[in-house]
Every structure is written in C-alpha cells, then in structure tokens.
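K.L.:
Here's a structure for you.
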Amino acid sequence: MKLHLNQYPQAIFNAAEAVNNLEADIARLRLRMTRIEAAADFTVAFDGSLKNDGHRKAERFSQLEKHPDYHHLQAA
C-alpha cells in the first residue's frame, strides 16, 4: 500500500493505537494469570496438611492444572 505524505500521521496514529490495544490486552491477560496463581498460592499457604515445599509445589501445580482458564491464558 502506497501512502502519500499527508496520510502518514493517520497511519502512525492507527498503528500506535493498535499497539496500545494489544498491550492493554496483554496486561489484562497477565493480571488474570496473576490472580489465578495468587489464589493457588493462598490456598496452598494455609493448607496445614502440606508438610514441606515439595508437597506445596505439587499442590500448587495441581490447582493450576485444574483451573479451567489457566492453560488457555498461558497459550494466549
């Protein structure tokens, strides 16, 4: 696509707006992942039946595996 000189400002604006929208989407996805991970960490931290770090890590992993959105968010 060939642009005329007077079309460049609008094209730059459109590209910058698209980048900003993508960055906002990425930030929302990261926030959702962080909330899911924080919920798993909270549950594991207060589970008295988990006796050592190995148990806690395994339970955290298990909880993240069970979450319906976690894998989808990782792939996004």
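Residue numbers are given in UniProt numbering: position 64 of the sequence shown equals residue 64, and the series is strictly consecutive. Cβ coordinates follow ideal geometry from the N, Cα and C atoms, glycine included.
1. Nearest to H71 by alpha carbon, out of Y8, Q7, R30?
2. Exposed or buried, what is A40 when buried is set at 16 or more other beta-carbons lying within 10 Å of its beta-carbon?
3. Between A40 and chain D, is the shortest Cβ-Cβ distance under 8 Å, so that the two count as touching?
4. Any idea what DSSP makes of M1, helix, strand or coil?
5. Check whether the Cβ atoms of L64 and I26 sit closer than 8 Å, and answer yes or no.
6. Could you check where the alpha helix (DSSP H) with G54 kicks off and where it finishes?
7. On the DSSP letters alone, give me the boundaries of the alpha helix (DSSP H) that L31 sits inside.
P.N.:
So, to answer that:
1. Checked all of Y8, Q7, R30; the closest Cα to H71 is R30.
2. Buried, since its Cβ has 16 or more Cβ neighbours within 10 Å.
3. Reference to chain D is not applicable here, since this structure consists of a single protein chain.
4. Annotated three-state conformation of M1 is coil, per DSSP.
5. Taking 8 Å as the cut-off, the beta carbon of L64 is found no closer than this to the beta carbon of I26.
6. Residues 53-66.
7. Counting along the chain, L31 sits inside the alpha helix (DSSP H) bounded by residues 8-45.
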